[in-house]
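A short write-up of the structure that comes next.
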Amino acid sequence: MEKLSSQQIAQLRRHLILNGSDESLLSELVDHMACEVEYYMWIGLPFETAIDKAMLEANSDAVGTLQETYREALSLKQETMAEASLDDIVFETRNKAYGAYYLRQNYGNSLRDALLGGAGFFLMLIGLISGLNQGKWSYMSLSGAMWLVGISCVAYGGFSWFIQNMKQKYMVVND
Numbered sequence: 001m002e003k004l005s006s007q008q009i010a011q012l013r014r015h016l017i018l019n020g021s022d023e024s025l026l027s028e029l030v031d032h033m034a035c036e037v038e039y040y041m042w043i044g045l046p047f048e049t050a051i052d053k054a055m056l057e058a059n060s061d062a063v064g065t066l067q068e069t070y071r072e073a074l075s076l077k078q079e080t081m082a083e084a085s086l087d088d089i090v091f092e093t094r095n096k097a098y099g100a101y102y103l104r105q106n107y108g109n110s111l112r113d114a115l116l117g118g119a120g121f122f123l124m125l126i127g128l129i130s131g132l133n134q135g136k137w138s139y140m141s142l143s144g145a146m147w148l149v150g151i152s153c154v155a156y157g158g159f160s161w162f163i164q165n166m167k168q169k170y171m172v173v174n175d
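Each step along the sequence shown adds one to the number in our numbering, with nothing skipped, and position 78 is 78.
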């Protein structure tokens, strides 16, 4: 694939500035437009035709609409918009759109439930093996206490996981 020269990239940058692009999104938009022009050149168009086609797509209405959409999606002020990268903007909006943002809110609870379940199962196993080695079983012994603590951890982790799944199953996301 043919790469654009610095003069050609400067031409793309000037076009975006003339169409009202913010400095905050300018580098990302130039990169995107450069990829578009390189693609058109790769399929056989001359540079002039490729850049004209890309510039038709990036007119002032399209650039303005793109920036306004990103600002609204993130509820960003102009100063905050300058600090956010295009990745932040795109992925924040996309993740909220299909629910990943809300799923990530529960990662801490899921991790806690998994650790409690694993540690509880381990304690139950050690308590059971210790009780079988002694030849007798008593809940008042060390092995019985390990069994009780283990079963409590597994029960709490399992119940918490079940409640969390029910909340997620019936959760309605309003954006």
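Think of the CB as a built atom: it goes at the ideal place given N, C-alpha and C, for glycine as much as any other residue. No experiment lies behind these values; they were computed from the predicted model shown.
> Unbroken alpha helix (DSSP H) runs of length 4 or more, entirely within the stretch 107 to 143: which are they?
Replying inline: Counting whole runs of 4 or more residues, the stretch 107 to 143 contains the alpha helix (DSSP H) stretches 107 to 134.
> If we call anything under 8 Å between Cβ atoms a contact, is valine 30 one with isoleucine 51?
Replying inline: Here residue 30 corresponds to residue number 30 of the sequence shown, with the count starting at 1. Here residue 51 corresponds to residue number 51 of the sequence shown, with the count starting at 1. No, the pair does not count as a contact, with Cβ atoms beyond the cut-off.
> Using DSSP with H/G/I as helix, E/B as strand and the rest coil, what is serine 152?
Replying inline: Mapped onto the sequence shown, residue 152 falls at position 152. Serine 152 falls in the helix class under three-state DSSP.
> What did DSSP end up calling serine 5 once you bin it into helix, strand or coil?
Replying inline: The sequence position of residue 5 within the sequence shown is 5, counting from 1. Three-state DSSP puts serine 5 in coil, outside helix and strand.
> From isoleucine 163 to asparagine 109, what distance separates their C-alpha atoms?
Replying inline: For the purposes of this step, residue 163 is taken as the residue at position 163 of the sequence shown. For the purposes of this step, residue 109 is taken as the residue at position 109 of the sequence shown. Answer to the nearest angstrom: the Cα atoms are 11 Å apart.
> By Cβ distance, which residues of its chain are closer than 6 Å to histidine 15, with the 5 residues on each side in sequence left out?
Replying inline: Here residue 15 refers to the residue found at position 15 of the sequence shown. Within the same chain, histidine 15 has close Cβ partners Met55.
> Thinking C-alpha only, which one of Leu25, Arg13, Asn19 is nearest valine 37?
Replying inline: On the sequence shown, residue 37 is found 37 positions in, with the first residue counted as 1. Measuring from the Cα of valine 37, the nearest candidate turns out to be Arg13.
> At what residues does the alpha helix (DSSP H) containing alanine 58 begin and finish?
Replying inline: Residue mapping note: residue 58 aligns to position 58 of the sequence shown, counting from 1. Counting along the chain, alanine 58 sits inside no alpha helix (DSSP H), nor does DSSP assign it H or E at all.
>> Taking 6 Å as the limit between beta carbons, can you name the residues of its chain near methionine 146, skipping five residues before and five after?
In response: Here residue 146 refers to the residue found at position 146 when the sequence shown is read from its first residue. The residues are Leu123, Ile126, Gly127.
> Between the C-alpha atoms of leucine 18 and leucine 25, what's the straight-line distance to the nearest angstrom?
Replying inline: On the sequence shown, position 18 is the one that residue 18 refers to. On the sequence shown, position 25 is the one that residue 25 refers to. So the two alpha carbons sit approximately 14 Å from each other.
> Just how far apart, CA to CA, sit glutamate 48 and valine 63?
Replying inline: Counting from 1 along the sequence shown, the entry for residue 48 is found at position 48. Counting from 1 along the sequence shown, the entry for residue 63 is found at position 63. Rounded to whole angstroms, glutamate 48 and valine 63 show a C-alpha spacing of 21 Å.
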